[in-house]
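Visitor: Those letters in the sequence shown? Residues 134 to 1252, per this note's numbering, in order.
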Amino acid sequence: MKFRNDKIIYSPSDLSAHSSCKHLTQLNKKLVKGEIDNPEPATNRVLQILKKRGIAFEEDHLKKLKEQSQRVVEINPEDPKAEDQTLAAMAKGVAVIYQARLKEAGKWSGWADFLIKVDQPSSLGDWSYEVWDTKLANETRAGTILQIGLYSSRVAQVQGRTPEYMGVIKPEGEERYRYDEYAAYIRLVKSNLEQALESDSITYPDPVSYCDICKWWKNCNATRRKDDHLTFVAGMGKSQMKELYTHKVETLAELANLDLPILFDPIVGVKDTYYKLREQARLQLTSRKNGYEPIYETLELEERKGLYKLPEPSPNDIYLDFEGDRMVEPDGLEYMTGYVHNGQYTALWAKNETEEKVIFEQFIDFAFALKQKDPTLHIYHFANYEVTALKRLMGKYATRENEVDIFLRSNTFIDLHSVVRQSIRASVEKYSIKDLEIFFGYERKMNLRELSKYKSELELLIQSGDFDKLPTSHKDAVQLYNQDDCESLVRLQIWLEEIRIDLIQKGSDIIRPEDGDGSASEKITAHQERIQPIMDVLLAGIPPVKSERNNVQQAHFVLAHMLDWYRREKKSFWWEFFRLKDLPMDELLDERKAITKLQYTGQRESIKKSFVDTYTFPPQECDLRQGNTLEDHENRLGEIHDLDKEKGILRIKKGPSKIDLPHPEAVMSLENIPTTSKEEAVIRFAEWVLENGMESAENKYRAARNLLLNIPPILSEKKAEFEDILEYTFDYVNKLDHSYLPVQGPPGSGKSFTGSQLIVRLAQQGKTIGITALSHKVIRNLLTKVWEVAQEMDFDIRMIQKVNSSNQEPAPWTLASNEDDIQNAFGTANVIAGTSFMWCKSPYEGRLDYLFIDEAGQLSLIDTLAVAHSCSNLVLLGDPQQLKQPQQGVHPDGTDVSVLEYVLQSHKTIPEELGVFLPETWRMHPNINAFVSELFYENRLKSKQHLEKQRVIGSKYDGAGLYLEQVVHSGNTSSSSEEVEKVVEIVKALTNGNVELINEKGVKATIRSEHIKIITPYNAQVQALKKRLPDLEVGTVDKFQGQEAPIIIYSVATSSLEEAPRGMDFLFSPNRFNVAVSRARTCFIMVANPAIFEAECKSPYQIKLANAFCRFREMAIEY
């Protein structure tokens, strides 16, 4: 940022800074104007090193371009007419322009490393240009995308054509980015920055993640100190601050002096949360009044929590701490493992994935060997990071899985953060190990503020592949910091033991926890011994890096790691289940697999020999459903008989032996679904491949092998070229030769219509057709379509469906709960349907001509491989751009995807040579489809012409398309009363009797409540909306997949990404947003806080996520 001629000229780096912190922009603006002093003028040695190497790398790449005999023009940075020289070179059409000067008068300026000529016409001629930048980092940061995106926007203005791509040249190769997938976010950040620079708006230094490395931190922290800001209360969140502000509680001191008991009923959460915050503030204020004397109080003892979780110390105990960088591609790097054992500190370093695997195995082998000698050994850590990282590394590299599992089964890991939070209340502003050290007398050797600089510079060198150039001072500083953390853990454990002893001496009975049995069952051990030789052969000679594998090697890699896929998934389930059982009641409020704060109503109903108890609960997010088995912290209770999330009512069906059990305060779901048959199917497939080869010409498993090899569908003869998409697809399917065909059906494109037509036509030819999908409901929906088509064609189709004995809703086809009936139907039935749990079994091997998988964008690749033995040909109906099958496990790369994701790889739509894309939607008005097609379907999806008739008349939403209602709010997590009021206002305005709707046939009708559906990401907002609008259909995205309505209202609910449950990946999920928008035929109205669009993105992936929302804002009519 510079100040010239009374104007501020910004640089691309200022875009990134502004997205991180709005207050930072105002401070930097005052700095360049000379209004304030620079708080930290310093020279970054690492950046100087990287700058020199960056210049050398640029020059080396320039030399290579010249050697390729390309015409290169070099722009002189010292030339005052550098911009004119750049524009002249573009007009001449030179192949490469080096150091191109690009700027927007009075706003910004910069230097693009390279403009590369491409064969795409523009106003310049038969050519145009793309921006390419050289970067040393192995991964591309968000700042780089903002930079090349800003340059690309200027290039687009000059040449009258938007570049399709922009790119980054790195030592390990090139990366291309589709400009449109990032452009809307870049434009929004640019617009926001320019508005901030033009105005003198007053901003407040609210703490953000950027504070950790910001040079202005001391200044901002001083302001908050002076204001006695509520953020200094340990455990305080934005939603709690919002609640307290409504009750005129705005400082730590005011909260500390709040009368008890808490008189107000919080809008979000429970009173107990605010009691704990009040007591925390009281202790901190008391400490402050006594010269910041460290004070702590022990909490009421609860069995299985806090000090009850401290095991008997062992001389072999290990104290573990990781240092990691989540920004290292592809999925982060744990670059240092530090631990203390027997008073000795050890540091293991890794500068890349290969070394990360080595040090992971090295540590696990060391700890496991000790555990074998001393079963009383425990591994102490602080918070969940270390255990989560170990699970991730175990899954990522498919190594040391048994050892980590034994550690988890035997309760070897001890989280001292959890022990502290459940045992004491301390006069600290954060329950970090650093803040607690004043209580147990540990003095750090490394200053944390100094460490931030060293650590960020070290991670920059790791990202650039220049770890070997790391100054010794930086490595020593980070290692010393890690050593401090490990040694501090030792002192923390000793202090907690002292507190425990003191309480026991005062009369408390605190029993040591029992270690679990870490040994795996004989069944699991036998499974491992069986699959290991198969894996070894499949993986022999396979390069460890995916980019170095050919198709056959990649197919072997995926199949090998499928052999233990179901066990890996099940392990993750159990780990998560026991983690939930270990959480206190209030923390379960944020967990989707649990319901907490239950209150028994006194209502008990007898059902045969069982009984049903009724409970109420406060608003909370949960994914539980009818039929789920439940446990509380102590006992298995029964199953969910009925669950009304909107009203907060849970009815639990219990057996007669449970009648005397205490009523639960919280419950968790336990769903242990058997997968043995699927495992066996995958093992049989792998054994066959070992014996016959992945590329064998034999027909057995050929469709599955072609799928794994990712080769185009194999046909018995060349397919015909039909204009009609149905005829084209049927010809394609009919000519499959022991292969597979993906049919991608975007929203409203007639996927079910196409599938049912194909099935009936094949049945008419005498083919035996199978149908499967993720659920019985999806299967039934397709069968219904097939039945209707057969009736229209006057074809006597014979169909049978395998169903659960407890769920047999009548149907015009045969329903069977016994598989004997299914197997006896072969030879007489045209269509046989069942889930993957049926088709994976050996009696079905080779029984079908075709197996149709519906919603193949949801069904996992492994489930597809498990059922593929049943058929000669696979037809994959679905759309990977819509909702996916949820998974819990961490799996090796390429094995954790749906079958259609695997086929499409990096494509959003199926390439013509790989399958069929249904190109027309029969649902969405062109104004809605334009957004959906651009963002999710590479502009290949078109609206049927008659859909232009759809429109609203007599409202501010006249016409058809996208609308944005912005409602300012703060502190909301999963529910917003402000948005509820706005939605109510919208519904009342649309249904007042004066607003009309014209449908696709041109028929006019007065808008009524049945024309409107309301979607929101969170169950809590569903509950809030249903209370105000009980006659409307309201639900989450999951509920409405497959449905539609003329008008969809979408309430985002959360105030910002920082407060959003499940974070950016969930809220900005392109699949979920696609489903939400594409439910609308005529009108899609988003209700959201403007701050939701201002996401702080740290990677290209995150920008891509945010871009869809930003593009929506650009295309929508705003109110």
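All residues carry an ideal CB built from backbone N, CA and C; glycine is no exception.
Going by C-alpha distance, which of Val205, Gly293, Lys586 is nearest Asp345?
Guide: Of the listed residues, the one whose Cα sits closest to Asp345 is Lys586.
Visitor: Entirely within the region 1100–1150 and at least 4 residues each: give me those alpha helix (DSSP H) ranges in chain order.
Guide: 1110–1123
Visitor: Would DSSP call Thr431 helix, strand or coil?
Guide: If DSSP states are grouped into helix, strand and coil, Thr431 belongs with the strands.
Visitor: Checking 7 Å against the spacing of the C-beta atoms, do Tyr262 and Lys250 come in under that value?
Guide: With contacts defined as CB atoms closer than 7 Å, Tyr262 and Lys250 qualify as a contacting pair.
Visitor: If Met695 sits next to Ile995, beta carbons under 8 Å apart, how far is it from one beta carbon to the other, in whole angstroms?
Guide: 5 Å
Visitor: At which residues does the beta strand (DSSP E) containing Gln477 begin and terminate?
Guide: 477–482
Visitor: Cys353 bridges to which residues according to DSSP?
Guide: In DSSP, Cys353 forms no bridge with anything.
Visitor: Which word fits Arg663, buried or exposed, when buried means at least 16 other C-beta atoms lie within 10 angstroms of its C-beta?
Guide: The residue is exposed, with fewer than 16 neighbouring Cβ atoms inside 10 Å.
Visitor: What residues are listed by DSSP as bridge partners for Ala1221?
Guide: Gln1099
Visitor: Can you tell me whether Tyr1090 is buried or exposed, with buried defined as 16 or more other CB within 10 angstroms of its CB?
Guide: buried
Visitor: What is the DSSP secondary structure of Val401, reduced to helix, strand or coil?
Guide: coil
Visitor: Using a Cβ-Cβ distance cut-off of 7 Å, determine whether Gln665 contacts chain D.
Guide: Protein chain content of the structure displayed is limited to a single chain, and chain D is not contained in it.
Visitor: Is DSSP giving Asp392 helix, strand or coil here?
Guide: coil
Visitor: With distances taken between CB atoms, is the gap from Val1117 to Arg1161 smaller than 7 Å?
Guide: Yes, the pair counts as a contact, with Cβ atoms nearer than the cut-off.
Visitor: Compute the Euclidean distance between the alpha carbons of Arg769 and Glu813, then round it to the nearest angstrom.
Guide: 30 Å
Visitor: Give the single residue among Pro1203, Ala1157, Asn1125, Ser975 whose Cα lies nearest to the Cα of Gly781.
Guide: Ala1157
Visitor: Below 7 Å between beta carbons: does that hold for Met827 and Val1032?
Guide: no
Visitor: Which word fits Glu173, buried or exposed, when buried means at least 16 other C-beta atoms lie within 10 angstroms of its C-beta?
Guide: Glu173 should be labelled exposed.
Visitor: Use the C-beta contact count for Pro1013: other C-beta atoms within 10 angstroms, 16 or more gives buried, fewer gives exposed.
Guide: buried
Visitor: Quick check: Pro427 and Phe572, are their CB atoms within less than 7 Å of each other?
Guide: yes
Visitor: Between which two residues does the beta strand (DSSP E) containing Lys935 stretch?
Guide: 932–935
Visitor: Which value, in whole angstroms, describes the spacing of the CA atoms of Lys1148 and Gln1235?
Guide: Note that residue 1148 corresponds to Ile in the displayed sequence, not to Lys. Roughly 23 Å between the two C-alpha positions.
Visitor: Since Ala1228 is in the alpha helix (DSSP H), which residue starts that stretch and which ends it?
Guide: Ala1228 -> no alpha helix (DSSP H), and no H or E assigned at all.
Visitor: Please determine, among His774, Thr862, Trp946, the residue with the shortest C-alpha to C-alpha distance to Ile740.
Guide: His774
Visitor: Closest to Gly760 by C-alpha separation, out of Ala830, Ala896, Gly771, would be which residue?
Guide: Gly771
Visitor: On the criterion of 16 or more Cβ atoms from any shown chain inside 10 Å, does Lys910 qualify as buried, or is it exposed?
Guide: Classification of Lys910: exposed, given that the 10 Å Cβ count is below 16.
Visitor: Please name the residue, chosen from Val1030, Gly899, Gln877, Ser152, that lies closest to Gln328 on a Cα-to-Cα basis.
Guide: Ser152
Visitor: Report yes if the CB atom of Met374 is closer than 7 Å to the CB atom of Gly1104, and no otherwise.
Guide: yes
Visitor: Among Val1210, Glu1071, Arg1205, Val815, whose alpha-carbon lies nearest the alpha-carbon of Glu314?
Guide: Glu1071
Visitor: How would you label Gly476, buried or exposed, when you count the other beta carbons within 10 angstroms and need 16 or more for buried?
Guide: exposed
Visitor: Can you check whether the CB of Arg1212 is closer than 7 Å to the CB of Phe1242?
Guide: no
Visitor: What separation, rounded to the nearest whole angstrom, lies between the Cα atoms of Leu1097 and Ala1186?
Guide: Separation of Leu1097 and Ala1186 (C-alpha to C-alpha, rounded to the nearest whole angstrom) is 14 Å.
Visitor: Could you pull the DSSP bridge partners for Lys1075 from this structure?
Guide: Residue pairing by DSSP places Lys1075 opposite Glu1053 in a beta bridge.
Visitor: Check whether the region 880–893 touches the region 912–932, taking contact to mean three or more Cβ pairs, one atom from each stretch, closer than 8 Å.
Guide: yes
Visitor: My guess is that Leu1007 and Tyr865 are in contact by the Cβ rule of under 8 Å, so how many angstroms apart are they, rounded?
Guide: Incorrect: roughly 13 Å between the Cβ atoms, too far for contact.
Visitor: Contact check, Ile632 vs Ser565 under 8 Å by CB: the rounded distance?
Guide: Taking C-beta atoms under 8 Å as the contact rule, Ile632 and Ser565 fail to qualify, at a distance of about 18 Å.
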